[in-house]
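Residues 25 to 765 in our numbering are what the sequence shown spells out, letter by letter. Think of the CB as a built atom: it goes at the ideal place given N, C-alpha and C, for glycine as much as any other residue.
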Amino acid sequence: MEHVGENEACFGSAQRYCVERRIYNQGVLQGQLHKKEKAPQPLRQKIAHACRCSSKKAKSLLYQFLPIFKWLPRYPVKEYLLGDVVSGISTGVMQLPQGLAYALLAAVPPVFGLYSSFYPVFLYTFFGTSRHISIGTFAVVSLMIGGVVVREVPDEMFNPMDTNSTSSIDSVNNTAKDDMRVKVAVAVTLLSGIIQLCLGFLRFGFVAIYLTEPLVRGFTTAAAVHVFTSQLKYLLGIKTKRFSGPLSVLYSLIAVFRNITTTNIAALVVGLICMVLLLSGKEINDRFKKKLPVPIPMEIIVVVIGTGVSAGMNLSDTYGVPVVGEIPKGLRAPVVPDISLIPAVFVDAIAIAIVGFSMTASMAKIFALKHGYTVDGNQELIALGICNLTGSFFQTFAITCSMSRSLVQESTGGKTQVAGTLASIMVFLVIVAIGYLFQPLPQTVLAAIVMVNLKGMFKQFADISHFWKTSKIELAIWIVAFLASVFLGLDYGLLTSIAFAMITIVYRTQSPQYRILGQIPDTDIYCDVDEYEEVKEYPGIKIFQANTSLYFANSELYINSLKKKTGVDPCAILAAREKAQKRHTKELKQKKKAVLKLTNDMENSAKHEVMNDEPPLNGKFAVAEAATQESSPDELEHFMKPVTNIHTIILDFSPVNFVDSVGAKALKSIMKEYEEIGISVNVTGCNGSVVDNLVRLKFFDKATVRDLLFPSIHDAVLTSQLKTASASQTPLDAVICNTTA
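If you want it as structure tokens, here you go:
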């Protein structure tokens with residue numbers, strides 16, 4: 025009782041439970057349980073059931089494919105409308121300059137950024153399941169598209185090194201180049217949409233789990249470096265070739281520094297002033313976000329001021345500041361994308377489709393958890409696929425979720441997808457009515473907007489110190505994703521980082537933690553003996569645990585670690601016994617030879633003596649018998665006695681998720697090897713799926729094997745102690761009391 029009181033004081037148990045039951049093994053437990061009988065359903069019946077249509081099923085499919093029919097009829101106008109209107113206007117004001125700016129990243133004319141900010145955003149209202157994310161242009165995806173566009177349609181194709189070319193010829197070449205680049209961007213968008221749509225219908229929404237957070241953050245940080253580098257020439261007002269592919273960042277920086285002497289001072293001054301205004305506005309919005317009803321729309325303010333100053337001072341003609349240029353009024357008629365370009369952009373489209381979905385899925389999950397609703401990953405894939413696929417016929421480039429706009433949409437009171445619809449309508453009004461007013465807008469203003477919006481991504485460099493403290497493996501994933509994406513390009517960088525993330529998974533399964541467990545006194549709880557002072561091991565029992573499954577990749581490691589942690593190597597013990605037995609046999613032969621020699625000598629010396637009828641007490645037979653038995657029993661006992669005092673090894677399989685054929689053979693090998701040296705091996709904590717795996721792999725070919733499986737460690741420990749107690753004739757109740765007091 026004193027011992028129990030001490031443990032209550034140590035572990036502070038306010039509540040107690042007491043369960044009295046018999047000791048179970050898997051055989052006894054299965055004998056007492058009766059499985060539910062499930063009649064197998066024929067394949068024909070399954071197909072018929074799947075193809076059967078009912079009003080309820082049709083309604084469910086309609087709601088799943090078009091979520092707007094589910095939430096719009098229940099839309100609480102009085103509660104949500106005002107917040108959605110304010111949020112929609114705020115997001116639309118932000119979406120307009122970003123659409124123009126990100127079009128430069130995609131290497132297409134700015135008006136196509138407006139198209140991409142209208143059609144897909146409007147379509148997402150009908151098919152999307154997230155209420156708060158802002159769909160549209162995004163820097164990372166736009167830059168990836170720009171890389172493909174520049175690779176397929178380089179500047180040299182339409183700008184030959186001809187010093188006698190006139191401005192009219194240059195204008196024609198630029199127009200042809202823009203048209204061709206738009207075709208490439210549209211082809212990439214079409215293929216990305218098809219890929220996303222197919223993955224959505226095939227229920228492949230789970231692929232996003234392979235894009236772990238460190239990978240995405242390292243990749244987006246590298247994308248920020250790419251974006252920043254690509255915008256330097258617009259900020260400085262210089263003309264350089266645009267690079268894509270591996271080492272494009274270095275080539276871009278070298279090109280900028282080579283032409284630094286041609287910097288347009290007017291463009292640089294305008295860009296720097298805009299950056300100061302934007303950073304000041306963001307700082308004010310962050311510091312006073314609780315007091316401001318809506319964030320200050322600094323981006324649209326900068327665009328309006330920049331356009332006004334450029335038009336009033338005629339910056340384009342007077343100072344040679346590059347401007348946005350012609351923005352056609354109205355919408356374009358739909359055009360079928362050029363499918364002949366698809367083979368050339370197939371791999372890029374896969375990367376863009378995956379990155380676009382991963383950004384959308386991650387942001388959607390964040391807001392869903394915050395506001396208490398669910399998002400369907402597969403439906404998000406379908407929604408993005410439809411947005412990109414349909415938008416490609418209207419000359420849009422691939423879209424995804426924007427982090428900055430999503431945060432604004434959520435923080436300004438947005439409740440549903442209505443906010444996104446209103447934002448798209450604002451962009452539509454600009455396209456059909458006042459788009460031409462932004463023609464004098466300096467490109468350096470758009471570059472400033474893009475660069476300032478990278479602030480949040482550059483803050484992700486702080487992840488290095490965070491992951492250094494929390495997980496070295498996640499830090500390695502972040503660094504590999506960053507460096508690979510910076511130097512190899514975003515497409516190859518993404519593939520490299522995903523491959524490395526997969527390798528870390530293999531590494532983790534190859535490097536699990538192995539423990540020897542002991543009991544917390546007077547409980548049925550078992551913990552690591554190396555971690556807690558109170559935990560004690562049972563004499564003669566080793567409890568081994570590995571936090572991994574047992575399969576082909578780590579079965580050898582499991583066996584070696586088991587031998588190392590328990591300190592018992594059956595192969596070494598058997599080899600030592602065999603060696604001792606050989607040595608003993610050799611010694612016996614030598615002794616036998618000595619006895620024979622002694623016998624022969626005695627016979628020769630006794631030939632001349634008279635033999636008595638009675639056998640001599642000290643004759644040759646007595647000598648031979650004594651010599652033969654001199655040390656044989658002791659030495660036999662020496663090499664046959666147990667080398668270790670361990671009689672039972674318990675394998676805790678509670679962390680094991682599955683066992684394959686190689687793992688089952690390894691487990692059989694473990695049991696056989698330890699049985700040869702007199703040690704019993706028990707397995708505990710197998711879940712139902714592991715037991716089913718073992719049954720399918722014919723692990724229980726012997727009836728006794730099932731008796732070595734136990735539902736808990738404590739059952740195995742008690743059974744082992746009962747066997748030891750019965751062998752030593754110790755009272756059973758004493759053993760049980762000591763274990764379950």
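C-beta contact flag for VAL680 and SER573 at 8 Å:
yes
Quick check on SER426: does DSSP put it in helix, strand or coil?
Note: SER426 maps to strand in three-state DSSP.
Taking the alpha helix (DSSP H) that ILE4 falls in, what are its first and last residues?
What the structure shows of the chain is the stretch from 25 to 765, and residue 4 is not part of that stretch, so it cannot be assessed.
What first and last residue would you give for the alpha helix (DSSP H) that runs through THR245?
237-260
May I ask you to report which of helix, strand or coil DSSP gives ALA596?
Secondary structure of ALA596 (DSSP, three-state): helix.
Assigned exposure category for HIS250 - 16 Cβ within 10 Å defines buried:
In this structure HIS250 is buried. Its beta-carbon is surrounded by 16 or more other beta-carbon atoms within 10 angstroms.
Taking PHE568 as part of the beta strand (DSSP E), name the residues at either end of that continuous run.
It spans 565-570 - the beta strand (DSSP E) in which PHE568 sits, taken as one unbroken run.
Given 8 Å, three or more beta-carbon pairs between the stretch 171-179 and the stretch 437-452
no
Between the stretch 405-424 and the stretch 347-366, are three or more C-beta pairs nearer than 8 Å?
Short answer: they touch.
C-alpha distance - THR115 paired with LEU138, whole-angstrom precision:
Approximately 14 Å, taken between the alpha carbons.
Taking the alpha-carbon of PHE677 as reference, which of GLY702, SER693, SER713, GLU699 has the nearest alpha-carbon?
SER713
Would you mind working out which of THR161, SER428, HIS608, GLY396 sits nearest ASN19, comparing C-alpha positions?
Absent from the structure is residue 19, since the part of the chain shown begins at 25 and ends at 765.
Nearest to ASP731 by alpha carbon, out of HIS671, ILE219, TYR48?
TYR48
Secondary structure, alpha helix (DSSP H): runs of 4+ residues fully inside the stretch 281-334:
289-311
Chain-order list of residues whose beta-carbon lies under 7 Å from that of TYR460 (same chain, five-residue window excluded)
ILE351, LYS353
Classification of LEU85 by the beta-carbon crowding that lies within 10 angstroms, buried from 16 upward
Its Cβ having fewer than 16 others within 10 Å, LEU85 is exposed.
Using only the alpha-carbon positions, how far apart do ASN669 and PRO563 sit?
8 Å
Taking THR672 and ILE565 to be in contact with their CB atoms under 8 Å, please state how far apart those CB atoms are, rounded to whole angstroms.
5 Å
Ends of the alpha helix (DSSP H) at HIS264?
According to the sequence shown, residue 264 is Thr rather than His. Element bounds for THR264: n/a, residue is neither H nor E.
Check whether VAL348 and LEU465 have beta carbons under 8 Å apart
yes
For the stretch 219-239 against the stretch 140-158, do three or more pairs of beta-carbon atoms, one drawn from each stretch, fall closer than 8 Å, so that the two count as touching?
Contact between the stretch 219-239 and the stretch 140-158 is absent, because fewer than three Cβ pairs lie under 8 Å.
Excluding sequence positions up to five away, which residues of its chain have a Cβ less than 7 Å from the Cβ of PHE491?
PRO238, GLU498, LEU499, TRP502
For VAL705, write down the residues that DSSP places opposite it in a beta bridge.
ILE673
Backbone CA spacing between ILE423 and PHE267 [nearest angstrom]:
22 Å
Three or more C-beta pairs under 8 Å: does that hold for the stretch 714-726 against the stretch 608-615?
no
List in chain order: all unbroken beta strand (DSSP E) runs of 3+ residues lying wholly within the stretch 478-563.
538-543, 550-552
Count the other C-beta atoms from every protein chain shown that fall within 10 angstroms of the C-beta of ALA72, then say buried if there are 16 or more, exposed otherwise.
By the beta-carbon neighbour count (other beta carbons within 10 angstroms, threshold 16), ALA72 is exposed.
Contacts around GLU44, its chain only, beta-carbon distance under 8 Å, and the 5 residues preceding and following it disregarded
none
Which of helix, strand or coil DSSP assigns to PRO144:
helix
For PHE230, three-class secondary structure by DSSP:
helix
Figure out for me which residue from ASN706, GLN467, VAL369, SER154 has the closest Cα to the Cα of TRP95.
SER154
Pair within 8 Å by beta-carbon distance, ASN412 and GLY217:
yes
Among ALA248, PRO545, PRO134, VAL454, which residue has its Cα nearest to the Cα of LYS479?
Comparing Cα-Cα distances from LYS479 to each of ALA248, PRO545, PRO134, VAL454, the minimum goes to ALA248.
Applying the criterion that 16 or more other CB atoms from any shown protein chain within 10 Å of the CB defines a buried residue, is GLN770 buried or exposed?
Missing from the structure shown is residue 770; the chain here goes from 25 to 765 and no further.
Give me the residue from ASN338, LEU302, LYS314, VAL333 with the minimum Cα distance to PRO321.
The candidate whose alpha carbon is nearest that of PRO321 is LEU302.
According to DSSP, what are the bridge partners of PHE734?
Looking at the DSSP assignment, PHE734 forms a beta bridge with THR708.
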